[in-house]
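Visitor: Protein chains in written order, with my numbering: chain A, 750 to 1031; chain B, 796 to 1039; chain C, 1286 to 1680; chain D, 4 to 320. Ideal Cβ positions, reconstructed from N, Cα and C, are used throughout, including at glycine. Dropping the structure in here first, questions after.
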């Protein structure tokens, strides 16, 4: 039972991490809190749903849904975010609030209001026996995806020139400009990547959590909490925040069911009381 | 006015930014703190004004230990500061900025109902200060529309609006043209008749013109103290500055 | 030109726009106002109910005694305050004769006072809060759907009689979830069963049931009894399947959990679920077959129990109006006519309980089995003419 | 966060016009219109409370619906469970909201921009979750049967929609007057200075934390007033009122109206509420249009409708 709960918590944490990491790098680079991040997650899931039901292949959906979401992100960047980069940060936040409304109704107009679900691929549709308890193998796959993305991001940021440029742009945009780093380009790519990761989260968890209108708001608040607890703009913070919130939430539900609704908010409030800039300050 | 800085040290990780700094001032005077880039003068300034805390040592103001006082509390005791980068209320007029700056001193800031602009006493005070800093013709102009030099003057004006006992000036001539620098030196000279002043500056000419006592910092250490003429003669100081 | 003039003109234009649009001119029609969600998470329920009701009206060419029937939609957005605003518009500006709605209980409770004060008959096509036909009952409020008690109580007795000794309860943490569980628990325990534990999950915030499922399995009960709807129902059923819950205990619950609306998404994960509901598509009567065919022809999908409730609401309205020869001028008579109607609908015979204004209907206990085109609901047992208690109601 | 130009004269002009319009439509409107006017007046009070802290002190709150809820639930509980006359429970609700906010404010007002938003959001969600499951507060079904104040002793029957709308407008005027006064007072101007440059206010000896905490609790008191009136208007309260998106809609209103103008908040509340109602009657995808319009306002109308009026006024002298 404990092992199962541990895996559940880990799987939830990895979902949160996929979502939070996109939000946090966008914040780190552009100082924009993208409230529409949840909408991109929803778009990823819905696009995945369409691909899956049209081609009857989960893997096609798994590959192309994040790409489509990244393209939506790129579109938003060109039409909106590029123009408000130097605007008042509050105004940027509120603009993304308008995007939530648009996203909600667009999805409703295109895909209707029914709840849908995506079947896990045959390869992963069975359960694995872990110490006499069956555990769905697809959930292990979600953990795997999270860890894989984590390793990739770490490698890109720490070991490649592009990563160094990104880090420079985050830490000190003015110096980055002096060093002739094309910040515009970097912003564009990282923004799209962040959106793509949200889409990846959407399609990855769709076989477990389903696809339905309103799924954007549920994860938005959770993701924001993870980012704020971890420390906005910090990759490490996103990971720590996701693990903290994921485990507190999963174990809280089992051992303190009365507090299930408020426990993560309480964790966040306490974190900010003692560390007003989040756990990892850049 | 008495300011005593006793054995102040500060380090970031393994880097010692300040080591055992001692400064004493117990009369109305203008103290200059100079040193090359990275000497630690900005850190010292921030420790005196309360923005950052020293690791060791003591800051005393009028024989009172103010180590644990925040910027706000030090300001209320009479330690006022101006910033190296303009720090103004950009959406407010010159007059209103100055009125606000004195509203705490005259204990009206918690007033909920009497409009600020109808408080005649505060207005008079603001106009007087505007005259002092040479902005009497710009009273109704929004700060963001002032020329850079005038903004620097307003920066000083806000600092003196609360009639402080000690004025801390962080590079008051930063980014100014030679003509503007001349104006501001004149202004500070005028102010030094009324206030005790500590200036942090890397432009030596400015300090020579203003200060009657100069402290020279180098790599976190106090290396020289004396009058402008003594500093000018000092071989050590020349070596630090000119690398000879 | 004066600035004030411009502003005033601008505002008059806007305000006159909204003012004039809230006045409706046709007077001779019979107007049915709906207070249902057409946006937000429950949109699909609002659509099903409205579709099916219009189907009922279509069958009589939308006319009664020469008067045509007109449906005026009011979107509640599932928010009580918005529903109140819309009800005021429907009652005072559109002057509707009968209101049909809402879907959720909190909205119904918000509407309760205004319909009673204005004597506008309200037909409830879904909201199940027990109190609406108990302490808060009124002769102007008639419930055609169900009370939460009505659906779950028979199941408690039935399961206990079938040899289920212990159960674990799982439902969303809100009023309806708790009412359903307590109705089940009361009857289950009265029939000799034992509830080993109950857990209430954060409503509409629970997507991952993993932590709870581990808990349920650990309890070692003979059965788990649940109530979920919408995305939660889909997720629960699929996740329970992937954790192999049905290998160790019976998965049972209120029938919405495997509603025909959600079955296409749940697929074979739902097989084996035993539930109780006031309607299942496989009821073998002429009325039901006819209804399913015509609904499918018009809207292209199998109707759900929500559609049936909407259809029956339409039927009840038609019968009541017929008995008054289409005269809606006296609201008291209209309300009386509605509550004395009895019809045979797709779900079987319906009458209105004279004491509470709640519908008396059959409850079907079904099992999800594998069918030709995916899972189907097979009726195991029918409990006839189930009534809901309402001691605090004096009608 | 940028606010509109400080202009008390225009502020008063717009207020007078808006209130006259509300009064005229209240007198000549029908049953529905009168209710609608009351709703606008109450939403305007809520918008004013949000506008005050957003513009004075730069605190953007996504949890202000909590105080709307505190006002509403206090009024409901006080008048139903404790039999306190509704008129007095309104006052008590304001005080309860004020005190709770003072306590919360003590901990959170110094948090910076996005952190402040997040903490208010978290607190609001916590409150929502608690209300949603609280037996005392009626849980998800809410509390019905809340009475309106009785002012029959001075000849007013508040159960008449006409009278209740006037009652709401009366409170709107009080709230406006109060906030406008504070905005002009040294405290308000200091708060404005804090929004523009917090560290400088500290450097000149301002009590930044105290100012902000006071502003936060005043704003919460006003929001509680709105909540109290809202529950009396509807006779019903349910947890939906405390959801964070309600605060979000309030923010849309003040952005459309123009942040920091007080009467702009009323303008924004009226316009957004009317458009929302009209659109949702005509089309079911009204949220799409609202969202799109909101983005356009943020992008192209920096100071909202207030800015538009200012520009028109400049053009025509």
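CA-CA distance, residue 8 of chain D and residue 260 of chain D?
Guide: To locate residue 8 of chain D, count along the fourth chain from 1; it is residue 5. To locate residue 260 of chain D, count along the fourth chain from 1; it is residue 257. Taking the straight line joining both Cα atoms gives about 13 Å.
Visitor: Across which residues does DSSP place residue 804 of chain B in a beta bridge pair?
Guide: As a first step, residue 804 of chain B is located in the second chain; it is residue number 9 there, counting from the start. According to DSSP, which records beta bridges pairwise, residue 804 of chain B is partnered with B:851.
Visitor: Closer than 8 Å by C-beta to residue 1470 of chain C: which residues in its own chain qualify, once you throw out the five before and the five after it? Chain order, please.
Guide: As a position in the third chain, residue 1470 of chain C is number 185, starting the count at 1. Counting only Cβ-Cβ distances below 8 Å, and skipping sequence neighbours, we find 1441, 1454, 1480 and 1483.
Visitor: Give the range of the alpha helix (DSSP H) segment to which residue 1383 of chain C is assigned.
Guide: Reading the third chain from its first residue, position 98 is the one you call residue 1383 of chain C. Looking at the DSSP string, residue 1383 of chain C is not in any alpha helix (DSSP H); the run it does join, the beta strand (DSSP E), is 1383-1385.
Visitor: Would you grab the beta carbon distance between residue 933 of chain A and residue 787 of chain A for me? Rounded to a whole angstrom, and I think it's under 8 Å.
Guide: Residue 933 of chain A sits at position 184 when you count from the first residue of the first chain. Residue 787 of chain A sits at position 38 when you count from the first residue of the first chain. With a Cβ gap of about 26 Å, residue 933 of chain A and residue 787 of chain A do not count as contacting.
Visitor: List the residues that DSSP assigns as beta-bridge partners of residue 860 of chain B.
Guide: In the second chain, the residue the question calls residue 860 of chain B occupies position 65. DSSP output for residue 860 of chain B lists B:855 as bridge partner(s).
Visitor: Could you give the distance in angstroms between the alpha-carbon of residue 170 of chain D and the alpha-carbon of residue 910 of chain B?
Guide: The count along the fourth chain starts at 1 and reaches residue 170 of chain D at position 167. The count along the second chain starts at 1 and reaches residue 910 of chain B at position 115. So the two alpha carbons sit approximately 28 Å from each other.
Visitor: What are the partner residues of residue 1646 of chain C, as DSSP defines its beta bridges?
Guide: Residue numbering aside, residue 1646 of chain C sits at position 361 when the third chain is read from its first letter. Note: residue 1646 of chain C sits in a beta bridge opposite C:1671.
Visitor: Give, in chain order, every unbroken run of the alpha helix (DSSP H) that is at least 4 residues long and sits entirely within the stretch 888-921 of chain B.
Guide: Taking only runs of at least 4 residues, the alpha helix (DSSP H) segments lying wholly in the stretch 888-921 of chain B are 889-898.
Visitor: Tell me the rounded alpha-carbon separation between residue 1017 of chain A and residue 955 of chain A.
Guide: As a working mapping, residue 1017 of chain A is identified with position 268 in the first chain. As a working mapping, residue 955 of chain A is identified with position 206 in the first chain. Whole-angstrom Cα-Cα distance: 27 Å.
Visitor: Since I believe residue 798 of chain B is in contact with residue 856 of chain B (beta carbons under 8 Å), could you give me their beta-carbon distance rounded to a whole number of angstroms?
Guide: As a first step, residue 856 of chain B is located in the second chain; it is residue number 61 there, counting from the start. As a first step, residue 798 of chain B is located in the second chain; it is residue number 3 there, counting from the start. That belief holds up - the Cβ atoms of residue 856 of chain B and residue 798 of chain B are roughly 6 Å apart, short of 8 Å.
Visitor: Using only alpha-carbon positions, find the residue among C:1602, C:1353 and C:1343 that is nearest to residue 1410 of chain C.
Guide: In the third chain, residue 1410 of chain C corresponds to position 125, counting from 1. Ranking C:1602, C:1353 and C:1343 by Cα distance to residue 1410 of chain C puts C:1602 first.
Visitor: With 8 Å as the limit, tell me which residues of the stretch 993-1022 of chain A have their beta carbon closer than that to any beta carbon of chain C; keep them in chain order.
Guide: Under the 8 Å Cβ criterion, the stretch 993-1022 of chain A contributes 999, 1000, 1002, 1003, 1006, 1009 and 1010.
Visitor: Three-state secondary structure (DSSP) at residue 875 of chain B?
Guide: To locate residue 875 of chain B, count along the second chain from 1; it is residue 80. Here residue 875 of chain B sits in strand by DSSP.
Visitor: Let me know if residue 1465 of chain C comes out buried or exposed under the rule of 16 or more other beta-carbons within 10 Å of its beta-carbon.
Guide: As a first step, residue 1465 of chain C must be located in the third chain, where it is residue number 180. Per the 10 Å Cβ criterion, buried.
Visitor: Using the C-alpha atoms, what's the distance from residue 1360 of chain C back to residue 1372 of chain C?
Guide: Counted from its first residue, the third chain places residue 1372 of chain C at position 87. Counted from its first residue, the third chain places residue 1360 of chain C at position 75. Cα-Cα distance, rounded: 10 Å.
Visitor: Can you find a CB in chain F that lies within less than 9 Å of the CB of residue 1546 of chain C?
Guide: Considering every chain present, this structure includes no chain F. Its protein chains are A, B, C and D.
Visitor: Are the CB atoms of residue 939 of chain A and residue 833 of chain A nearer to each other than 9 Å?
Guide: Looking up residue 939 of chain A in the first chain gives position 190. Looking up residue 833 of chain A in the first chain gives position 84. Against a cut-off of 9 Å, the Cβ pair of residue 833 of chain A and residue 939 of chain A comes out as no contact.
Visitor: Reducing DSSP to helix, strand and coil, say where residue 1609 of chain C ends up.
Guide: As a first step, residue 1609 of chain C must be located in the third chain, where it is residue number 324. Residue state, collapsed to three classes: coil.
Visitor: Does DSSP put residue 1482 of chain C in a helix, in a strand, or in coil?
Guide: Residue 1482 of chain C sits at position 197 when you count from the first residue of the third chain. Looking at residue 1482 of chain C - three-state DSSP - the assignment turns out to be strand.
Visitor: Just by C-beta distance, which residues in the stretch 1323-1354 of chain C are closer than 7 Å to chain A?
Guide: Within the stretch 1323-1354 of chain C, the qualifying residues are 1326, 1328 and 1329.
Visitor: For residue 797 of chain B, which three-state DSSP category applies?
Guide: By 1-based counting over the second chain, the position of residue 797 of chain B is 2. Three-state result, residue 797 of chain B: coil.
Visitor: Residue 158 of chain D: buried (16+ other C-beta within 10 angstroms of its C-beta) or exposed?
Guide: Taking the first residue of the fourth chain as position 1, residue 158 of chain D is located at position 155. That one is exposed.
Visitor: Show which residues of chain A have a CB atom less than 7 Å away from the CB atom of residue 314 of chain D.
Guide: Start at 1 with the first residue of the fourth chain, and residue 314 of chain D comes out as number 311. Near residue 314 of chain D there are no residues of chain A at all, since even the closest Cβ is about 19 Å away, more than 7 Å.
Visitor: What are the partner residues of residue 1397 of chain C, as DSSP defines its beta bridges?
Guide: In the third chain, counting from the first residue as 1, residue 1397 of chain C sits at position 112. In the DSSP output, where bridge partners are listed per residue, residue 1397 of chain C has none listed.
Visitor: Hey, out of A:1004, A:1008, A:1001 and A:991, whose CA is closest to residue 1027 of chain A's CA?
Guide: What you label residue 1027 of chain A is simply residue 278 of the first chain in a count that begins at 1. Checked all of A:1004, A:1008, A:1001 and A:991; the closest Cα to residue 1027 of chain A is A:991.
Visitor: Going by C-alpha to C-alpha distance, which of D:32, D:199 and D:48 sits closest to residue 882 of chain B?
Guide: Stepping through the second chain from its first residue, residue 882 of chain B is reached at position 87. Comparing Cα-Cα distances from residue 882 of chain B to each of D:32, D:199 and D:48, the minimum goes to D:199.
Visitor: Taking 9 Å as the CB-CB limit, is residue 750 of chain A close to chain C?
Guide: Taking the first chain and counting its residues from 1, the one referred to as residue 750 of chain A is at position 1. By this cut-off, residue 750 of chain A is an interface position.
Visitor: Report the neighbours of residue 847 of chain A on chain D: residues whose CB is nearer than 9 Å to its CB, in chain order.
Guide: Looking up residue 847 of chain A in the first chain gives position 98. Correct list: 255, 293, 294, 295, 296, 297, 298, 299, 300 and 301.
Visitor: In terms of residue numbering, what span does the alpha helix (DSSP H) encompassing residue 2 of chain D cover?
Guide: Nothing about residue 2 of chain D can be reported from this structure: the residues present for chain D run from 4 to 320 only.
Visitor: When DSSP builds the beta bridges, which residues end up paired with residue 1358 of chain C?
Guide: Locating residue 1358 of chain C in the third chain gives position 73, where the first residue counts as 1. Partner(s): C:1319.
Visitor: Here's the rule I'm using: 16 or more other beta-carbon atoms within 10 Å means buried, otherwise exposed. How should residue 1496 of chain C be labelled?
Guide: The sequence position of residue 1496 of chain C within the third chain is 211, counting from 1. Buried, because 16 or more other Cβ atoms sit within 10 Å of the Cβ of residue 1496 of chain C.
Visitor: I'd like to know whether the C-beta atoms of residue 1519 of chain C and residue 861 of chain A end up nearer to each other than 9 Å.
Guide: Taking the first residue of the third chain as 1, we reach residue 1519 of chain C at position 234. Taking the first residue of the first chain as 1, we reach residue 861 of chain A at position 112. The answer is no: Cβ separation not under 9 Å.
Visitor: Assuming residue 1001 of chain A is part of the alpha helix (DSSP H), what are its boundary residues?
Guide: Sequence index remark: in the first chain, residue 1001 of chain A carries index 252 (1-based). Counting along the chain, the alpha helix (DSSP H) containing residue 1001 of chain A begins and ends at 984-1004.
Visitor: For residue 222 of chain D, collect the residues of the same chain with a Cβ closer than 6 Å to its Cβ; drop the 5 residues on either side in sequence, then sort them by chain order.
Guide: Sequence index remark: in the fourth chain, residue 222 of chain D carries index 219 (1-based). Within the same chain, residue 222 of chain D has close Cβ partners 52, 55 and 56.
Visitor: Would you verify that the beta carbon of residue 997 of chain B is, or is not, closer than 9 Å to some beta carbon of chain D?
Guide: Sequence index remark: in the second chain, residue 997 of chain B carries index 202 (1-based). Judged by the 9 Å Cβ criterion, residue 997 of chain B is not in contact with chain D.
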